[in-house]
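The opening position of the sequence shown corresponds to residue 1 in the UniProt record's numbering, with each subsequent residue numbered one higher. Ideal placement from N, C-alpha and C gives every residue a C-beta, glycine not left out.
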Amino acid sequence: MSVKETVGNEGYERVREVLQKAFPGGEVTDAIVDGAIRAAWRVRLEALKALGVPVPSPEEATAAEPSAEELAALASAPSYPLYLGNAQHQRVLAMNSNEPFHSEFVGTLPLVRVRLPQSLHLGDERVSTAIGEVDLKRDHLVGSIALVTQKYGGQLGYRPARVDLITPARLWGVRFAAVALYLGYKEASDATPSFYLLEAGMATGQAAMLYLGQAIDSVIVARSGYLPTPFASPNNTYTGWVTMDGDEPVQLVVQANEPSRSFYIQVTVKYEKVSTPDREWPADLTWEAMERVCAIGDAMKVPTGIPLQEVLGALGLKRQWMEVPGFG
(Lines of atoms letter the chains of each structure in order from A and count residues from 1; the text may use other names and numbers.)
(Lines give C-alpha, C1' and ligand atoms only; values in the text may rest on other atoms or scores of the structure.)
Protein backbone atom coordinates (compact mmCIF):
# COMPACT_ATOMS: atom_id res chain seq x y z
CA MET A 1 0.00 0.00 0.00
CA SER A 2 1.34 3.45 -0.93
CA VAL A 3 1.82 6.29 1.57
CA LYS A 4 -1.08 8.18 -0.02
CA GLU A 5 -3.38 5.17 0.29
CA THR A 6 -2.35 4.70 3.92
CA VAL A 7 -3.09 8.28 5.04
CA GLY A 8 -5.81 9.16 2.53
CA ASN A 9 -5.83 11.89 -0.09
CA GLU A 10 -7.00 14.66 2.28
CA GLY A 11 -4.22 14.12 4.80
CA TYR A 12 -1.66 13.64 2.04
CA GLU A 13 -2.54 16.95 0.40
CA ARG A 14 -2.56 18.72 3.77
CA VAL A 15 1.08 17.73 4.28
CA ARG A 16 1.87 18.95 0.76
CA GLU A 17 0.27 22.32 1.53
CA VAL A 18 2.28 22.67 4.76
CA LEU A 19 5.54 22.01 2.93
CA GLN A 20 4.67 24.26 -0.01
CA LYS A 21 3.87 27.19 2.29
CA ALA A 22 7.01 26.57 4.38
CA PHE A 23 9.25 26.44 1.29
CA PRO A 24 7.42 28.61 -1.26
CA GLY A 25 10.18 28.53 -3.86
CA GLY A 26 10.38 24.74 -3.94
CA GLU A 27 8.50 22.08 -5.86
CA VAL A 28 6.74 19.71 -3.47
CA THR A 29 6.53 16.49 -5.46
CA ASP A 30 4.82 13.28 -4.39
CA ALA A 31 8.27 11.90 -3.52
CA ILE A 32 8.79 14.78 -1.07
CA VAL A 33 5.36 14.27 0.52
CA ASP A 34 5.96 10.51 0.75
CA GLY A 35 9.33 11.11 2.38
CA ALA A 36 8.02 13.71 4.81
CA ILE A 37 5.18 11.47 5.96
CA ARG A 38 7.51 8.49 6.31
CA ALA A 39 9.87 10.66 8.36
CA ALA A 40 7.00 11.77 10.59
CA TRP A 41 5.89 8.16 11.05
CA ARG A 42 9.32 7.48 12.49
CA VAL A 43 9.89 10.49 14.73
CA ARG A 44 7.03 13.03 14.60
CA LEU A 45 3.71 11.24 15.04
CA GLU A 46 2.59 14.12 17.25
CA ALA A 47 2.83 16.49 14.29
CA LEU A 48 0.81 14.21 12.02
CA LYS A 49 -1.90 13.91 14.65
CA ALA A 50 -2.00 17.71 14.94
CA LEU A 51 -2.51 17.94 11.17
CA GLY A 52 -5.27 15.35 11.28
CA VAL A 53 -3.25 12.89 9.22
CA PRO A 54 -4.02 9.24 10.03
CA VAL A 55 -1.28 7.42 11.92
CA PRO A 56 -0.21 4.09 10.37
CA SER A 57 -0.30 0.72 12.01
CA PRO A 58 3.08 -0.61 13.21
CA GLU A 59 3.12 -2.95 10.22
CA GLU A 60 2.53 -0.10 7.76
CA ALA A 61 5.20 2.06 9.39
CA THR A 62 7.71 -0.79 9.31
CA ALA A 63 7.00 -1.39 5.63
CA ALA A 64 8.01 2.22 4.91
CA GLU A 65 11.51 1.70 6.32
CA PRO A 66 14.39 1.17 3.85
CA SER A 67 14.69 -2.40 2.68
CA ALA A 68 17.68 -4.64 3.32
CA GLU A 69 18.48 -4.41 -0.40
CA GLU A 70 18.55 -0.59 -0.29
CA LEU A 71 20.83 -0.58 2.73
CA ALA A 72 23.12 -3.15 1.12
CA ALA A 73 23.40 -1.02 -2.03
CA LEU A 74 24.58 1.94 0.05
CA ALA A 75 27.08 -0.20 1.91
CA SER A 76 28.60 -1.46 -1.35
CA ALA A 77 28.69 1.92 -3.13
CA PRO A 78 32.03 3.26 -4.42
CA SER A 79 34.09 5.26 -1.94
CA TYR A 80 34.12 9.06 -2.11
CA PRO A 81 35.26 11.65 0.46
CA LEU A 82 32.52 12.26 3.04
CA TYR A 83 31.81 15.30 5.19
CA LEU A 84 29.37 16.62 7.73
CA GLY A 85 28.30 20.20 7.19
CA ASN A 86 27.60 21.58 10.66
CA ALA A 87 25.47 24.61 9.83
CA GLN A 88 24.86 27.29 12.46
CA HIS A 89 21.76 29.36 11.56
CA GLN A 90 21.66 32.72 13.33
CA ARG A 91 18.87 35.23 12.75
CA VAL A 92 19.38 38.74 14.17
CA LEU A 93 16.61 40.94 12.70
CA ALA A 94 12.86 40.61 12.28
CA MET A 95 11.42 40.47 8.77
CA ASN A 96 11.12 43.86 7.03
CA SER A 97 12.46 45.59 10.12
CA ASN A 98 15.54 46.81 11.96
CA GLU A 99 14.07 45.44 15.19
CA PRO A 100 16.36 42.87 16.85
CA PHE A 101 15.05 39.32 16.66
CA HIS A 102 17.16 36.35 17.59
CA SER A 103 17.09 32.64 16.87
CA GLU A 104 19.99 30.25 16.64
CA PHE A 105 20.38 26.53 16.03
CA VAL A 106 22.78 24.07 14.42
CA GLY A 107 21.76 21.59 11.74
CA THR A 108 23.98 18.82 10.42
CA LEU A 109 23.95 17.86 6.74
CA PRO A 110 25.72 14.78 5.31
CA LEU A 111 27.84 15.69 2.25
CA VAL A 112 29.90 13.85 -0.35
CA ARG A 113 32.63 15.06 -2.72
CA VAL A 114 32.56 13.94 -6.35
CA ARG A 115 34.38 15.10 -9.46
CA LEU A 116 32.39 16.52 -12.38
CA PRO A 117 32.74 14.76 -15.73
CA GLN A 118 33.95 16.73 -18.74
CA SER A 119 30.42 16.52 -20.15
CA LEU A 120 27.21 14.74 -19.26
CA HIS A 121 26.52 11.48 -21.04
CA LEU A 122 24.21 8.62 -20.23
CA GLY A 123 26.01 6.75 -17.49
CA ASP A 124 27.82 9.85 -16.16
CA GLU A 125 24.73 11.64 -14.87
CA ARG A 126 24.27 9.67 -11.65
CA VAL A 127 26.94 8.85 -9.09
CA SER A 128 26.22 6.21 -6.44
CA THR A 129 27.80 7.00 -3.07
CA ALA A 130 27.64 5.72 0.50
CA ILE A 131 25.14 8.46 1.48
CA GLY A 132 22.91 8.30 -1.59
CA GLU A 133 22.88 9.26 -5.24
CA VAL A 134 24.35 12.44 -6.72
CA ASP A 135 22.29 13.20 -9.81
CA LEU A 136 24.39 15.69 -11.76
CA LYS A 137 21.67 16.38 -14.33
CA ARG A 138 18.52 16.45 -12.19
CA ASP A 139 19.78 17.96 -8.95
CA HIS A 140 22.47 20.40 -10.09
CA LEU A 141 22.53 23.44 -12.37
CA VAL A 142 26.00 22.84 -13.85
CA GLY A 143 26.72 19.12 -13.61
CA SER A 144 29.76 19.00 -15.89
CA ILE A 145 32.91 20.97 -16.69
CA ALA A 146 31.40 21.82 -20.08
CA LEU A 147 28.35 23.39 -18.40
CA VAL A 148 30.52 25.30 -15.91
CA THR A 149 32.59 26.64 -18.81
CA GLN A 150 29.52 27.51 -20.86
CA LYS A 151 28.12 29.59 -18.01
CA TYR A 152 31.27 31.07 -16.46
CA GLY A 153 34.16 30.56 -18.90
CA GLY A 154 33.93 34.14 -20.13
CA GLN A 155 34.21 35.58 -16.63
CA LEU A 156 36.95 33.16 -15.62
CA GLY A 157 38.92 33.52 -18.83
CA TYR A 158 39.64 29.81 -19.05
CA ARG A 159 38.11 26.35 -19.08
CA PRO A 160 38.76 24.64 -15.73
CA ALA A 161 40.53 21.32 -16.00
CA ARG A 162 38.84 19.97 -12.88
CA VAL A 163 35.76 20.79 -10.80
CA ASP A 164 34.87 19.02 -7.55
CA LEU A 165 31.36 19.16 -6.10
CA ILE A 166 30.66 18.85 -2.36
CA THR A 167 26.94 18.24 -2.05
CA PRO A 168 24.04 16.62 -0.23
CA ALA A 169 22.96 13.42 -1.99
CA ARG A 170 19.49 12.13 -2.82
CA LEU A 171 18.55 9.29 -0.48
CA TRP A 172 15.36 7.22 -0.66
CA GLY A 173 13.85 9.67 -3.12
CA VAL A 174 14.50 12.86 -1.13
CA ARG A 175 17.27 15.46 -1.06
CA PHE A 176 17.80 18.35 1.37
CA ALA A 177 19.54 20.85 -0.90
CA ALA A 178 20.44 23.80 1.34
CA VAL A 179 23.81 24.49 -0.33
CA ALA A 180 26.37 22.76 -2.53
CA LEU A 181 29.95 23.91 -3.05
CA TYR A 182 31.82 23.62 -6.36
CA LEU A 183 35.62 23.91 -6.24
CA GLY A 184 37.22 24.76 -9.59
CA TYR A 185 40.84 24.12 -10.59
CA LYS A 186 42.58 25.79 -13.52
CA GLU A 187 44.86 22.76 -13.84
CA ALA A 188 43.85 19.27 -12.73
CA SER A 189 47.01 18.88 -10.64
CA ASP A 190 46.67 22.20 -8.77
CA ALA A 191 47.02 21.82 -5.00
CA THR A 192 44.33 24.42 -4.30
CA PRO A 193 41.21 25.55 -6.17
CA SER A 194 41.22 28.69 -8.30
CA PHE A 195 37.52 29.60 -7.97
CA TYR A 196 34.32 28.39 -6.37
CA LEU A 197 30.58 28.31 -6.95
CA LEU A 198 27.84 28.28 -4.36
CA GLU A 199 24.66 26.49 -5.41
CA ALA A 200 21.80 27.56 -3.18
CA GLY A 201 18.88 25.20 -3.00
CA MET A 202 15.64 24.25 -1.36
CA ALA A 203 14.66 22.05 1.57
CA THR A 204 12.53 20.23 -1.03
CA GLY A 205 15.62 19.17 -2.99
CA GLN A 206 15.85 21.49 -5.98
CA ALA A 207 18.92 23.56 -6.83
CA ALA A 208 17.82 27.19 -7.18
CA MET A 209 20.69 29.62 -7.84
CA LEU A 210 24.39 29.72 -8.65
CA TYR A 211 26.83 32.35 -7.40
CA LEU A 212 30.41 32.67 -8.67
CA GLY A 213 33.48 33.47 -6.60
CA GLN A 214 36.02 34.27 -9.37
CA ALA A 215 38.93 33.62 -7.01
CA ILE A 216 38.97 31.25 -4.07
CA ASP A 217 39.25 34.22 -1.68
CA SER A 218 36.52 36.27 -3.41
CA VAL A 219 33.48 37.45 -1.46
CA ILE A 220 30.26 36.92 -3.40
CA VAL A 221 27.72 39.75 -3.30
CA ALA A 222 24.69 39.17 -5.53
CA ARG A 223 20.93 39.45 -5.79
CA SER A 224 19.45 36.43 -4.01
CA GLY A 225 17.11 35.47 -6.83
CA TYR A 226 15.20 32.74 -4.98
CA LEU A 227 12.69 32.15 -2.17
CA PRO A 228 13.78 29.44 0.29
CA THR A 229 11.36 30.40 3.10
CA PRO A 230 8.43 32.79 3.64
CA PHE A 231 10.86 35.19 5.35
CA ALA A 232 13.12 35.63 2.31
CA SER A 233 12.81 37.58 -0.94
CA PRO A 234 14.42 37.17 -4.36
CA ASN A 235 15.31 40.87 -4.12
CA ASN A 236 17.41 40.43 -0.99
CA THR A 237 21.21 40.49 -1.21
CA TYR A 238 23.15 37.23 -0.93
CA THR A 239 26.70 37.45 0.44
CA GLY A 240 28.98 34.44 0.77
CA TRP A 241 32.58 33.34 1.13
CA VAL A 242 34.55 30.17 1.73
CA THR A 243 37.68 29.47 3.79
CA MET A 244 40.03 26.74 2.59
CA ASP A 245 42.93 24.80 4.06
CA GLY A 246 44.77 23.77 0.93
CA ASP A 247 42.42 21.49 -0.96
CA GLU A 248 39.91 21.13 1.89
CA PRO A 249 37.00 23.45 2.74
CA VAL A 250 37.03 24.63 6.33
CA GLN A 251 34.09 27.01 6.53
CA LEU A 252 31.40 28.58 4.38
CA VAL A 253 29.56 31.71 5.49
CA VAL A 254 26.37 32.98 3.85
CA GLN A 255 24.48 36.13 4.82
CA ALA A 256 21.26 37.67 3.52
CA ASN A 257 20.06 41.22 3.92
CA GLU A 258 17.03 43.21 2.86
CA PRO A 259 17.59 46.37 0.78
CA SER A 260 19.21 49.18 2.83
CA ARG A 261 19.52 46.98 5.94
CA SER A 262 22.29 44.96 7.53
CA PHE A 263 22.14 41.18 7.30
CA TYR A 264 19.19 39.54 9.04
CA ILE A 265 20.53 36.00 8.90
CA GLN A 266 23.93 34.35 8.83
CA VAL A 267 24.56 30.68 8.17
CA THR A 268 28.03 29.36 9.01
CA VAL A 269 28.83 25.87 7.71
CA LYS A 270 31.84 24.13 9.22
CA TYR A 271 33.07 21.17 7.18
CA GLU A 272 34.06 18.05 9.09
CA LYS A 273 35.65 15.24 7.11
CA VAL A 274 34.39 11.83 8.26
CA SER A 275 35.15 8.21 7.48
CA THR A 276 31.77 6.74 8.44
CA PRO A 277 28.70 7.59 6.34
CA ASP A 278 25.93 9.52 8.06
CA ARG A 279 22.70 8.31 6.48
CA GLU A 280 20.21 10.58 8.18
CA TRP A 281 17.07 10.70 6.08
CA PRO A 282 16.95 13.95 4.09
CA ALA A 283 13.19 13.88 4.71
CA ASP A 284 13.88 14.13 8.46
CA LEU A 285 15.78 17.36 7.76
CA THR A 286 12.97 18.69 5.56
CA TRP A 287 10.40 18.04 8.30
CA GLU A 288 12.66 19.62 10.92
CA ALA A 289 13.17 22.70 8.74
CA MET A 290 9.39 23.06 8.33
CA GLU A 291 8.84 22.98 12.11
CA ARG A 292 11.60 25.56 12.63
CA VAL A 293 10.07 27.84 9.97
CA CYS A 294 6.77 27.61 11.87
CA ALA A 295 8.46 28.36 15.20
CA ILE A 296 10.31 31.39 13.82
CA GLY A 297 7.25 32.70 11.96
CA ASP A 298 5.11 32.33 15.05
CA ALA A 299 7.64 34.15 17.25
CA MET A 300 8.11 36.90 14.63
CA LYS A 301 4.32 37.21 14.27
CA VAL A 302 4.58 36.67 10.52
CA PRO A 303 1.56 34.88 9.01
CA THR A 304 2.98 32.35 6.56
CA GLY A 305 -0.27 30.69 5.57
CA ILE A 306 1.06 27.35 6.84
CA PRO A 307 -1.89 25.33 8.19
CA LEU A 308 -1.67 25.02 11.98
CA GLN A 309 1.50 27.15 12.05
CA GLU A 310 1.11 27.79 15.79
CA VAL A 311 0.76 24.09 16.62
CA LEU A 312 3.67 23.04 14.40
CA GLY A 313 5.73 25.95 15.71
CA ALA A 314 5.18 24.76 19.28
CA LEU A 315 6.54 21.37 18.23
CA GLY A 316 9.47 23.10 16.58
CA LEU A 317 10.29 24.87 19.85
CA LYS A 318 10.80 21.44 21.43
CA ARG A 319 13.79 20.87 19.17
CA GLN A 320 17.28 21.86 20.26
CA TRP A 321 18.02 25.59 19.98
CA MET A 322 21.07 27.58 20.96
CA GLU A 323 18.72 30.57 21.20
CA VAL A 324 14.94 30.17 21.13
CA PRO A 325 13.23 32.50 18.61
CA GLY A 326 12.19 35.83 20.10
CA PHE A 327 12.45 39.61 19.95
CA GLY A 328 15.09 41.54 21.86
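When rounded, the separation of the alpha-carbon atoms in S189 and A283 is 37 Å. Contact between V33 and R16 holds, since their C-beta atoms are separated by about 5 Å, short of 8 Å.
Between L312 and K318, the alpha-carbon positions lie close to 10 Å from each other. For A36, the enclosing alpha helix (DSSP H) starts and ends at 30-43. Setting aside the 5 residues that flank it on each side, G297 is surrounded in the same chain by P230, F231, P303, T304, I306, Q309, G313, each with a C-beta closer than 8 Å to its C-beta; the list follows chain order. Segment contact: the region 160-178 against the region 126-134, three or more CB-CB distances shorter than 8 Å; contact assigned. Taking 4 residues as the shortest admissible run, the region 274-324 contains the following complete alpha helix (DSSP H) segments, listed from N- to C-terminal end: 282-300, 309-317. Under the three-state reduction of DSSP output, R14 falls in the helix class. Under the three-state reduction of DSSP output, E125 falls in the coil class, being neither helix nor strand. Cβ neighbours of A299 within its own chain (closer than 6 Å, five residues either side excluded): P325, G326. F101 and L93 do touch by the CB rule: their CB atoms are close to 6 Å apart, below 8 Å. At a Cβ-Cβ threshold of 8 Å, H121 and E199 do not count as neighbours.
Around the C-beta of K21, 16 or more other C-beta atoms lie within 10 Å, and the residue is accordingly described as buried.
Closest in alpha carbon position to M209, among A177, S194, E187, is A177. Membership of G184 in the beta strand (DSSP E) is indicated by the continuous run 179-185. Cβ atoms of L109 and G85 come within 8 Å of each other, at about 4 Å. When DSSP states are grouped into helix, strand and coil, Y238 belongs to the strand group.
Per DSSP, the unbroken alpha helix (DSSP H) holding T149 starts and ends at 145-156. Within the region 57-141, the complete beta strand (DSSP E) segments at least 3 residues long are 82-93, 100-115, 126-129, 132-135, listed from N- to C-terminus.
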